[in-house]
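These notes concern the structure reproduced below.
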Amino acid sequence: MSQQSDLSVDDFVPVVNETFKVEFEGVLSEEMTLIRATEQPRDDAQRSTTPFDLVFSAPASCSLKEGTYKVSNDKCGPYTMYLTLGGDDGASKRYRAIFR
1 MSQQSDLSVD DFVPVVNETF KVEFEGVLSE EMTLIRATEQ PRDDAQRSTT PFDLVFSAPA
61 SCSLKEGTYK VSNDKCGPYT MYLTLGGDDG ASKRYRAIFR
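First residue of the sequence shown? That's 1 in UniProt numbering, and the numbers climb one at a time after it.
What follows is the structure, encoded as structure tokens:
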């Protein structure tokens, strides 16, 4: 895996559908499944990296607030990610991390 500043969508595609631990202040907060790793269009031709986003699925009972968390699984990480709530269908919640 790459250094945090050099991350790309390719670092996460191999671990889609795997479980990640989410920690806040050194305490395990939740476990989530990475369900999507998607490259986004470049908005600046001068940009040296390609933006991407990650979408995680969590149980409906998950109560993470928008904020910065340490995210890892058995194959990669830990990485510091800013997670936002991306959806709630009653059965599960979606959290999103955007890398620009």
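Backbone N, C-alpha and C define an ideal beta-carbon position, used for all residues, glycine too.
**Message:** According to DSSP, L34 sits in a beta bridge with which residue or residues?
**Reply:** F56
**Request:** Specify the secondary structure class of D11 as computed by DSSP and reduced to three states.
**Result:** helix
**Item:** Burial state of K65, where buried means 16 or more other Cβ atoms lie within 10 Å
**Value:** exposed
**Prompt:** If you follow the beta strand (DSSP E) that R42 is part of, which residue opens it and which one closes it?
**Reply:** First-last for R42: undefined, no H or E at that position.
**Request:** Report back the beta-carbon spacing between T33 and T19 to the nearest angstrom; my notes put them in contact at under 8 Å.
**Result:** 6 Å
**Item:** Buried versus exposed, by CB contacts within 10 Å (16 or more), K75
**Value:** exposed
**Request:** With a threshold of 16 other CB atoms inside 10 Å of the CB of V27, please say whether the residue is buried or exposed.
**Result:** exposed
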